[in-house]
Every structure is written in structure tokens, then in C-alpha cells.
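Enquirer: Line by line, the protein sequences give chains A and B.
In our numbering, each number is its position in the first sequence, counted from 1, plus 11.
In our numbering, each number is its position in the second sequence, counted from 1, plus 10.
For each residue, glycine too, the CB sits at the ideal point set by N, CA and C.
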Amino acid sequence: EAGVTQFPSHSVIEKGQTVTLRCDPISGHDNLYWYRRVMGKEIKFLLHFVKESKQDESGMPNNRFLAERTGGTYSTLKVQPAELEDSGVYFCASSQEIWTGAIEQYFGPGTRLTVT
Amino acid sequence: AQRVTQPEKLLSVFKGAPVELKCNYSYSGSPELFWYVQYSRQRLQLLLRHISRESIKGFTADLNKGETSFHLKKPFAQEEDSAMYYCALSEGDSSYKLIFGSGTRLLVRP
Numbered sequence: 012e013a014g015v016t017q018f019p020s021h022s023v024i025e026k027g028q029t030v031t032l033r034c035d036p037i038s039g040h041d042n043l044y045w046y047r048r049v050m051g052k053e054i055k056f057l058l059h060f061v062k063e064s065k066q067d068e069s070g071m072p073n074n075r076f077l078a079e080r081t082g083g084t085y086s087t088l089k090v091q092p093a094e095l096e097d098s099g100v101y102f103c104a105s106s107q108e109i110w111t112g113a114i115e116q117y118f119g120p121g122t123r124l125t126v127t
Numbered sequence: 011a012q013r014v015t016q017p018e019k020l021l022s023v024f025k026g027a028p029v030e031l032k033c034n035y036s037y038s039g040s041p042e043l044f045w046y047v048q049y050s051r052q053r054l055q056l057l058l059r060h061i062s063r064e065s066i067k068g069f070t071a072d073l074n075k076g077e078t079s080f081h082l083k084k085p086f087a088q089e090e091d092s093a094m095y096y097c098a099l100s101e102g103d104s105s106y107k108l109i110f111g112s113g114t115r116l117l118v119r120p
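#1: Closest to B/Ser-100 by CA distance: which of B/Lys-32, B/Ala-11, B/Glu-42 is it?
#2: Is B/Thr-15 helix, strand or coil by DSSP?
#3: Using 8 Å as the threshold, is the C-beta distance between A/Arg-33 and A/Tyr-85 below it?
#4: Leaving out five residues before and five after A/Lys-62 in sequence, what residues of the same chain have Cβ atoms less than 7 Å from its Cβ?
#5: With burial defined as no fewer than 16 other Cβ atoms inside 10 Å of the residue's Cβ, what is the status of B/Ile-61: buried or exposed?
#6: How would you list, in chain order, the residues of chain A whose beta-carbon sits under 7 Å from the beta-carbon of B/Lys-107?
#7: With distance defined between alpha-carbon atoms, name the residue in A/Ser-106, A/Pro-92, A/Phe-102 nearest to B/Phe-110.
#8: Residues of chain B with CB under 8 Å from A/Phe-76, in chain order?
#9: Sorted by chain position, which residues of the same chain lie with C-beta nearer than 6 Å to B/Lys-83's C-beta, five sequence neighbours on each side aside?
#10: Any chance you could list the beta strand (DSSP E) runs of at least 3 consecutive residues sitting entirely within the segment 66 to 111 of chain B, in chain order?
#11: Under 8 Å between the Cβ atoms of A/Ser-20 and A/Thr-125?
#12: Taking Cβ-Cβ distances shorter than 7 Å, what residues in chain A pair up with B/Gln-56?
#13: If contact is defined by three or more beta carbon pairs under 8 Å, each pair taking one atom from either stretch, is the segment 70 to 77 of chain A in contact with the segment 13 to 25 of chain B?
#14: Does any CB atom of chain B fall closer than 8 Å to the CB of A/Gly-119?
#15: Report the CB separation of B/Tyr-49 from B/Leu-56 in whole angstroms; it is logged as a contact under 8 Å.
#16: Going by CA-CA distance only, name the one from B/Tyr-106, B/Gln-88, B/Ser-92, B/Gly-68 that's closest to B/Thr-114.
#17: Mark A/Ser-106 as exposed unless 16 or more other C-beta atoms lie within 10 angstroms of its C-beta, in which case mark it buried.
#18: According to DSSP, simplified to helix, strand and coil, what is A/Gly-99?
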């Protein structure tokens, strides 16, 4: 079974540019999470999708970040315009239905974003 | 606010020595606690969760609600245990989002 995949693995952009990160969850997983780790800090939650709906977006830092999950399959996270402090590793994770208790989150390899 | 604290950034031990990675949390409800591990060049993966009460790769962790701790232990460390270990808390609400500690790098020397 293929795991969670993320694209690109690494992105280097200039301040003010736009970047779109993509996450493909494990097939059949309704829950999709975005996290990020900025330099020297802990991994922090950004938002949670259940199928195509945003269940919790309390971790989104500001309105420069836009996440979508059209059709309830893959998700994109767009940063526009990117700032220096957005540099870090962005992780995606997916899990099965919560009500079954199968809440283990499976993580992707991450996208390393560098804003110069 | 919910918080997970891992006081050690780096823990270095010799092969065969006991290991204890500390984790303390602050949460007013009944959280679910996890340990995730990231080996070199691999993705973050679940090591164990407190409700399973399992021993994975020789590691165990007991939830101590009185001390609000969830320390990870292994009696005899192996070189292949060298990795980054993250303690995480889930509120168990409708989101199940994870709140991570800052991580502890375990280095097991030969």
C-alpha cells in the first residue's frame, strides 16, 4: 500500500512569490492533516480536513495560507505571498475514520520550503 | 493551554544501557498520548500510544496522570534506536490533531 506522498520534496522560492504544496493521502483515508516545523521549533498543527470539509483550521498562521481538498482526495496548501518566516518543513498526515478509533496518523515525507 | 514538554534535546547513551526519554504534558481533560519516531532519512511514524499498552521494539511508556508524564523507556538500548523521538498529545475531540513536543534526539553509541 502506498503511503502518504507529498510534492515537491523541496522548494526554494523568493520572498513574495507563491508556492503550492501537494499532499496525496492514503487511499480511503477521510482525515487529512497539515503540520509544519519551522527552524528550531516544534511540529505544529495547521489544519484538518474531513473529506473535503475543513474540520479545524485553528493552526493556520494567517490569511497568506490557503488549503484546499477538492473532491476529498488530495490536498494543496498555497502560500501567497511567501515570507521568510514561512521557511520550514511542511508535513501532511492522514488517518481513517475517527469514530472507529483508528486515529493513527500516517505521515508523509514532508516538503522542505526555503524562502530567500 | 495544552502543552507537551520534552526537556532533553539530546540524549546520548551507550549500547546496552537503559534509556528514558522524558515527556510531560499539560491538559485539563483526558488526553491520548503518543510517541512518534523519525529515523534518519525516514518519515515520522507512530512508535506507540498509551491506550494500546504495547511494547514496540522493546520500548514501553506508561501514562502517569498524577505526574502528567508519559516517559518512554527501554531497558537495553540498541544502535538502531538512534533517532528523533517526539511525544505528542491528542485532545480526543472531533479533530484529533496532535500537539507535539520539541523532540529528543537519541544517540546510541557502540
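Expert: With the given structure in hand:
#1: Numbered from its first residue, the second sequence carries residue 100 of chain B at position 90. The shortest Cα separation from B/Ser-100 among B/Lys-32, B/Ala-11, B/Glu-42 belongs to B/Glu-42.
#2: Looking up residue 15 of chain B in the second sequence gives position 5. Reduced to three states, the DSSP call for B/Thr-15 is strand.
#3: Taking the first residue of the first sequence as 1, we reach residue 33 of chain A at position 22. Taking the first residue of the first sequence as 1, we reach residue 85 of chain A at position 74. Result yes, Cβ atoms of A/Arg-33 and A/Tyr-85 sit closer than 8 Å.
#4: Start at 1 with the first residue of the first sequence, and residue 62 of chain A comes out as number 51. Contacts found: Asp-41, Gly-83.
#5: Position 51 of the second sequence, counting from 1, holds the residue named residue 61 of chain B. Residue burial annotation: B/Ile-61 is exposed, with fewer than 16 other C-beta atoms found within 10 angstroms of its C-beta.
#6: Looking up residue 107 of chain B in the second sequence gives position 97. Under the 7 Å cutoff, chain A gives Tyr-44, Phe-56, His-59, Asp-67.
#7: In the second sequence, residue 110 of chain B corresponds to position 100, counting from 1. That would be A/Phe-102, whose Cα lies nearest to the Cα of B/Phe-110.
#8: For the purposes of this step, residue 76 of chain A is taken as the residue at position 65 of the first sequence. Within chain B, no residue has its beta carbon less than 8 Å from that of A/Phe-76; the closest one is some 16 Å off.
#9: Start at 1 with the first residue of the second sequence, and residue 83 of chain B comes out as number 73. Within the same chain, B/Lys-83 has close Cβ partners Glu-30, Thr-70.
#10: For the segment 66 to 111 of chain B, whole beta strand (DSSP E) runs of length 3 or above, ordered along the chain, are 82 to 84, 93 to 100, 108 to 110.
#11: Walking along the first sequence from the start, residue 20 of chain A turns up at place 9. Walking along the first sequence from the start, residue 125 of chain A turns up at place 114. Contact flag unset, no.
#12: Looking up residue 56 of chain B in the second sequence gives position 46. It should be pointed out that residue 56 of chain B corresponds to Leu in this sequence rather than to Gln. Result: Glu-115.
#13: Flag = no, the segment 13 to 25 of chain B and the segment 70 to 77 of chain A do not touch.
#14: Locating residue 119 of chain A in the first sequence gives position 108, counting from the first residue. Judged by the 8 Å Cβ criterion, A/Gly-119 is in contact with chain B.
#15: Taking the first residue of the second sequence as position 1, residue 49 of chain B is located at position 39. Taking the first residue of the second sequence as position 1, residue 56 of chain B is located at position 46. Actually they do not touch by this definition, with Cβ atoms about 13 Å apart.
#16: Within the second sequence, the letter at position 104 stands for residue 114 of chain B. Selected option, being the one with the closest Cα: B/Ser-92.
#17: Position 95 of the first sequence, counted from the first residue, corresponds to residue 106 of chain A. Residue environment for A/Ser-106: buried (at least 16 other C-beta atoms within 10 angstroms of its C-beta).
#18: Position 88 of the first sequence, counted from the start, is the residue given in the question as residue 99 of chain A. DSSP, read as helix, strand or coil, puts A/Gly-99 in strand.
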